[in-house]
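Protein chains: 2
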Amino acid sequence: MIKAVLSVCLVLVAVSSTFGKYIPKTGKRIPQTLSRGWGDQLIWAQTYEEGLFWSRSRNKPLVVIFHLEDCPHSKAVKKVFSEDNEIQKMLDEDFIVLNLVYETTDKHLSPDGQYVPRIIFVDPTMTVRADITGRYSNRMYAYEPNDIKLLMSNMQKAKKLLKSEL
Amino acid sequence: MIKAVLSVCLVLVAVSSTFGKYIPKTGKRIPQTLSRGWGDQLIWAQTYEEGLFWSRSRNKPLVVIFHLEDCPHSKAVKKVFSEDNEIQKMLDEDFIVLNLVYETTDKHLSPDGQYVPRIIFVDPTMTVRADITGRYSNRMYAYEPNDIKLLMSNMQKAKKLLKSEL
């Protein structure tokens, strides 16, 4: 009797794996996350338009991180950034966050060119804060792992919102 | 001795939880996926620009799914769509996929208005296939769970690429 039950179970397992979820020929993939490793606990906007919408409606500045998943400089900053609880907390509570591996069509997001990693702040008035820069005069919006304190003080700057021009 | 080892372990646990990853006040969140439940094994574009880029460079049509996470109609189609292995396989192998919970600024993606769920095909020539429609004359790009066969035949249509106008 036990044997009979067992074989029914085995049949069920076989059936459920045949009719199971689609698996690509190249093998099962890990689902992509919107965070891409920059902070799994943050609520990420998917697109720049969505980020702007949330920024305006919640009156919080938007942070846009341009990066590439196979760029060692991006990865190095990402590691420090995602492991810094103070940054993560401030981002979660006071900012709208967006990370992009593609450039947008909006030229204001590349004040001195398109490069990665590049971190740009946008005020809820939809003004790109080109005045909030990092340490490097040739790539003003780039940060390296050692610049994390500067990044944090730039976040504090961005939290002081511009007055609405209306 | 065992007691001593135990208390060291407890101290280590306490330390590691203090210095652990950031957890929001409202509790730990499940990381957001780019698939949003429409197929965890597919490789999703994040933005329309990215989708168009991959569509052109790989010469595959782009599918854009407009939906809302708390819309029952979207959810119903999503369930059938994500569980249909034939659709998932075809999407994975022959299409570029994008799902959006926000409208883009491109009006061509809303030929008869902005509503969800709405599925729009775009040819690699960057032409929106307004000719590939569902069953409903008032919402031509809407699909319901029963329309999954029609959706599949529309995918076959979209795979027959338009000739390049060049």
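Residue numbers (the numbering used here), protein chains in the order written: chain A, 31 to 196; chain B, 31 to 196. All C-beta atoms, glycine included, are put in the ideal place defined by N, C-alpha and C. A quick note: this is a predicted structure, and the numbers were derived from the prediction, not measured.
Selected residue, minimal CA-CA separation from residue i, among the options
{"i": "Lys-119 of chain A", "options": "B:Asp-153, B:Leu-191, B:Lys-187 and B:Tyr-52", "result": "B:Tyr-52"}
{"i": "Val-146 of chain A", "options": "A:Glu-99, A:Gln-62 and A:Ser-85", "result": "A:Glu-99"}
{"i": "Ala-75 of chain A", "options": "A:Lys-189, A:Thr-135, A:Leu-128 and A:Leu-181", "result": "A:Leu-128"}
{"i": "Pro-175 of chain A", "options": "A:Gln-62, A:Phe-111 and A:Pro-54", "result": "A:Phe-111"}
{"i": "Met-182 of chain B", "options": "B:Lys-58, B:Ala-160 and B:Ile-149", "result": "B:Ile-149"}
{"i": "Gln-62 of chain A", "options": "A:Thr-155, A:Val-158 and A:Val-131", "result": "A:Val-131"}
{"i": "Lys-179 of chain B", "options": "B:Lys-193, B:Asp-114, B:Thr-135 and B:Lys-137", "result": "B:Asp-114"}
{"i": "Ile-73 of chain B", "options": "B:Lys-58, B:Val-93, B:Pro-54 and B:Thr-56", "result": "B:Val-93"}
{"i": "Asp-177 of chain B", "options": "B:Ile-117, B:Leu-191 and B:Thr-157", "result": "B:Ile-117"}
Under 9 Å by beta carbon: chain B residues contacting residue i
{"i": "Gln-71 of chain A", "result": "Lys-51, Tyr-52, Ile-53, Pro-54, Lys-58, Arg-59 and Pro-61"}
Neighbour-count burial assignment, residue i, 16 or more Cβ in a 10 Å radius
{"i": "Ile-60 of chain B", "result": "exposed"}
{"i": "Asp-70 of chain B", "result": "buried"}
{"i": "Gln-186 of chain A", "result": "exposed"}
{"i": "Leu-82 of chain B", "result": "buried"}
{"i": "Pro-102 of chain A", "result": "exposed"}
{"i": "Val-43 of chain A", "result": "With a pLDDT of only 48 at Val-43 of chain A, under the threshold of 50, the placement of this residue in the model should not be trusted, and no figure is reported."}
{"i": "Thr-48 of chain B", "result": "Because Thr-48 of chain B carries a pLDDT of 48, less than 50, the predicted location of this residue cannot be relied on, and no value is offered for it."}
{"i": "Gln-144 of chain A", "result": "exposed"}
{"i": "Lys-109 of chain A", "result": "exposed"}
{"i": "Glu-123 of chain A", "result": "exposed"}
{"i": "Ser-167 of chain B", "result": "exposed"}
{"i": "Asn-184 of chain A", "result": "buried"}
{"i": "Ser-85 of chain A", "result": "buried"}
{"i": "Thr-163 of chain B", "result": "buried"}
{"i": "His-97 of chain A", "result": "buried"}
{"i": "Val-45 of chain B", "result": "Because Val-45 of chain B carries a pLDDT of 48, less than 50, the predicted location of this residue cannot be relied on, and no value is offered for it."}
{"i": "Glu-80 of chain B", "result": "buried"}
{"i": "Asp-153 of chain A", "result": "buried"}
{"i": "Leu-64 of chain B", "result": "buried"}
{"i": "Ser-104 of chain B", "result": "buried"}
{"i": "Leu-139 of chain B", "result": "buried"}
{"i": "Leu-196 of chain B", "result": "Model confidence at Leu-196 of chain B stands at a pLDDT of 48, short of 50, so the residue's coordinates are unreliable; what they give is reported in the following sentence. Flag for Leu-196 of chain B reads exposed."}
{"i": "Arg-159 of chain A", "result": "buried"}
{"i": "Thr-77 of chain A", "result": "buried"}
Neighbour list for residue i in chain A, Cβ cutoff strictly below 8 Å
{"i": "Ser-197 of chain B", "result": "This structure cannot settle anything about residue 197 of chain B, because the visible part of chain B is limited to 31 through 196."}
{"i": "Thr-134 of chain B", "result": "Thr-77 and Glu-79"}
Contact set between residue i and chain A, taken where Cβ atoms lie within less than 7 Å
{"i": "Trp-68 of chain B", "result": "Those do not exist, as Trp-68 of chain B stays about 11 Å from chain A at its closest Cβ, beyond 7 Å."}
Positions along the stretch 92-114 of chain A whose CB lies within less than 9 Å of some CB in chain B: Ser-112, Glu-113 and Asp-114
Going along the chain, which residues of the stretch 176-194 of chain B sit with their C-beta nearer than 9 Å to a C-beta in chain A? none
In chain order, what residues of the stretch 114-127 of chain A put their CB closer than 8 Å to some CB of chain B? Asn-115, Gln-118, Lys-119 and Asp-122
What are the residues of the stretch 138-158 of chain A that lie near chain B, defined by any Cβ-Cβ distance shorter than 9 Å? none
Quick one: which unbroken alpha helix (DSSP H) runs of 4-plus residues sit fully inside the stretch 45-109 of chain A? Chain order, please. 78-88
Which ranges does the beta strand (DSSP E) cover as unbroken runs of at least 3 residues, wholly within the stretch 107-194 of chain A, from first to last along the chain? 126-130 and 148-152
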